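Input: a single structure, listed below in structure tokens.
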Amino acid sequence: MFLPFNKPYLPWSSCKNMILGALSGTIAGNGKYTKKCHRFFEQRFGFMKVLMTTSCSDALEMASLLCRIEPGDEVIMPSFTFMSAANAFLMRGARIIFADTLSEVPNIDPDEIEKLITPKTKVIVVAHYSGIACNMDMIMKLAADHMLFVVEDAAHAVDSCFRGRPLGSIGHFGAFSFHETKNIISGEGGLLIVNSKDHEKRAEILWEKGTNRAAFYRGEIDKYQWIDVGSSFLPSDAVAALLYSQLSRFDKIQRRRKKIWWSYCELLKPLEECGYLKRPVIPEFSTVNGSSFYITVESGLIRDKLLHSLKEHGIGAVFHYLPLHSSPCFLDKHDGRALPNTDRFSSTILRLPFYYSLKKSQIKYIADQITRFFT
Ligand SMILES: *Cc1c(COP(=O)(O)O)cnc(C)c1O
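For our numbering, add 35 to where a residue sits in the sequence shown, where the first one is 1.
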């Protein structure tokens with residue numbers, strides 16, 4: 036028996052009908068299921084405007100275009116995150132300024148952001164690691180004081196809140212991912228959330244290759260034209276149908292994932308009390324959304340040994356992220372500042388198997404193997 040890190044939850048009976056439905060109608064983008072998905076997110080979370088994209092990376096690229104990034108603009112973001120946020124801005128000529136994370140939570144440290152703001156700063160990107168909210172009050176205050184955009188990389192954060200407000204709805208733009216490792220999946224897929232009236236129209240134009248085709252389809256204009264830059268950011272309606280089959284099970288999926296999260300939390304509590312490891316620290320302003328479960332240990336050496344030991348016992352635990360500031364792509368662009376919390380999280384974090392069909396007995400087995408390793 037091997038317990039992998041991830042197993043996509045795809046109840047075929049349910050997706051089948053929807054995909055067949057999509058295949059029999061319009062299968063290009065912005066069809067029936069895309070609209071259903073849009074309505075789901077707008078109604079359920081009160082998002083002002085959403086647009087499905089082919090990935091979260093694409094949603095972040097759209098956010099970068101919407102911020103009208105020009106060469107030399109500075110963008111502050113965490114180094115402890117996925118590279119897509121950095122790529123999106125780097126490709127438009129921005130200078131990326133990496134900030135360190137907090138010491139207890141692997142989210143960007145608002146005090147570090149403040150120190151890095153210059154007259155050239157245009158955007159702050161935050162990532163809500165494992166669905167744990169960043170302190171958005173502090174971040175939005177900094178942005179307002181310095182007239183900056185805030186982009187929430189909410190790839191892990193669907194269905195999670197900061198002080199009761201859905202993550203993705205607080206910054207100017209938000210981005211979700213439906214990659215197969217996330218809570219709600221369509222293989223590859225994403226969602227751009229636009230929270231500012233000023234950018235709603237342009238977002239739709241960028242999404243449709245720089246044309247006003249979406250307005251044309253709504254009958255608002257009599258022909259569509261090329262009016263701005265853009266790309267083909269919209270997914271096929273077959274992908275939207277697959278996503279919609281997940282959205283129709285949203286509560287069921289989320290109930291299960293949160294239960295898995297709390298089971299790990301409960302079972303690993305004694306090890307934290309003995310000082311062997313730390314469980315995630317959840318600030319009082321954040322909810323838990325069952326995105327993933329991670330532990331941190333004392334040193335990189337222990338982490339690597341534990342990873343190896345778990346593998347030998349059939350458990351596919353993984354680690355991430357390698358810090359972006361010292362990655363081969365960025366090493367010669369970094370200003371040399373040390374980011375100690377980022378480096379420490381990167382070398383001591385371990386993510387445990389986490390997927391819908393993971394059984395209580397399997398979670399118990401994983402916790403037992405971790406206990407055996409330490410004791
Ligand atoms: C998964 C992930 C992304 C990218 O999502 P894609 O849909 O694969 O493009 C971006 N940011 C974070 C934090 C992620 O975990």
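Yeah, the Cβ is synthetic: ideal placement off N, Cα and C, and Gly gets one too.
Remember, predicted model here, so these are calculated numbers, not experimental data.
Taking every protein chain shown into account, the CB of Leu393 has 16 or more other CB atoms within 10 angstroms, so this residue is buried. Taking C-beta atoms under 8 Å as the contact rule, Ile398 and Ile295 qualify, at a distance of about 6 Å. The Cβ-Cβ distance between Leu306 and Thr406 falls below 8 Å. When C-alpha distances from Gly310 are compared across Gln289, Glu319, Glu333, the shortest belongs to Glu333. A straight-line Cα-Cα distance of about 35 Å links Ile262 and Leu55. Shown here for Phe389: same chain residues with a beta carbon closer than 6 Å to its own, the five before and five after excluded, namely Ser327, Phe328 in chain order.
If you check the CB distance, Glu187 and Leu202 come in under 8 Å. The residue among Gly199, Asp272, Arg386 with its C-alpha nearest the C-alpha of Lys70 is Asp272. Residue environment: Ala192 is assigned as buried (16 or more neighbouring CB atoms within 10 Å of its CB, all protein chains considered). For Met87, the uninterrupted beta strand (DSSP E) run begins and ends at 84 to 88, by DSSP. Shown here, Met112 sits in a strand according to DSSP, grouped into three states.
When only Cα atoms are considered, Gln404 and Leu345 end up about 7 Å apart. The region 245 to 265 and the region 134 to 142 do not touch, with fewer than 3 CB-CB distances between them shorter than 8 Å. The criterion of a C-beta distance shorter than 8 Å is not satisfied by Leu226 and Met36. Classified as buried, Pro113 has 16 or more neighbouring CB atoms from the shown chains inside 10 Å of its CB.
Shortest gap from the CB of Gly222 to any heavy atom of ligand 1: 7 Å or more.
Within the chosen limit of 7 Å, ligand 1 reaches the beta carbon of Phe117 through at least one heavy atom.
Ala179 counts as exposed, since fewer than 16 other C-beta atoms from the protein chains shown sit within 10 angstroms of its C-beta. Using a Cβ distance threshold of 8 Å, Gly60 and Pro270 do not count as a contacting pair. Exclusion of the five residues before and after Lys293 leaves Gly325 as the residues of its chain whose Cβ lies within less than 6 Å of its Cβ. Apart from sequence neighbours up to five positions away, the residues of its chain that approach His348 with a beta-carbon distance below 8 Å are Gln404, ordered along the chain. In the DSSP assignment, Thr331 falls within the beta strand (DSSP E) that extends over 329 to 332. In this structure, ligand 1 has a non-hydrogen atom nearer than 7 Å to the beta-carbon of Ala120.
When beta bridges are read from the DSSP output, Glu243 appears opposite Ser267. According to the DSSP assignment, Thr322 belongs to no alpha helix (DSSP H), since it is labelled neither H nor E. Membership of Thr156 in the beta strand (DSSP E) is indicated by the continuous run 156 to 162. Residue range 272 to 282 is occupied by the alpha helix (DSSP H) that includes Ala273, with no beta strand (DSSP E) assigned at that position.
Classified as exposed, Val316 has fewer than 16 neighbouring CB atoms from the shown chains inside 10 Å of its CB. Between the alpha carbons of Lys232 and Asp370 lies a distance of about 36 Å. Rounded to whole angstroms, the Cβ separation of Thr377 and Phe115 is 4 Å, and the two are in contact under 8 Å. Excluding its 5 nearest sequence neighbours in each direction, Asn170 has C-beta neighbours in its own chain below 6 Å: Pro145, listed in chain order. Secondary structure in the region 332 to 381: the alpha helix (DSSP H) runs of 4 residues or longer, each lying completely within the stretch, are 335 to 347 in chain order. When distances are taken from the beta-carbon of His191 to the heavy atoms of ligand 1, the shortest one is below 7 Å.
Relative to Leu125, the option among Asn142, Leu100, Phe40, Leu177 whose CA is nearest is Leu100.
The three-state secondary structure of Arg130, taken from DSSP, is strand. Excluding its 5 nearest sequence neighbours in each direction, Leu303 has C-beta neighbours in its own chain below 8 Å: Leu312, Arg314, Ile330, Ala402, Ile405, listed in chain order.
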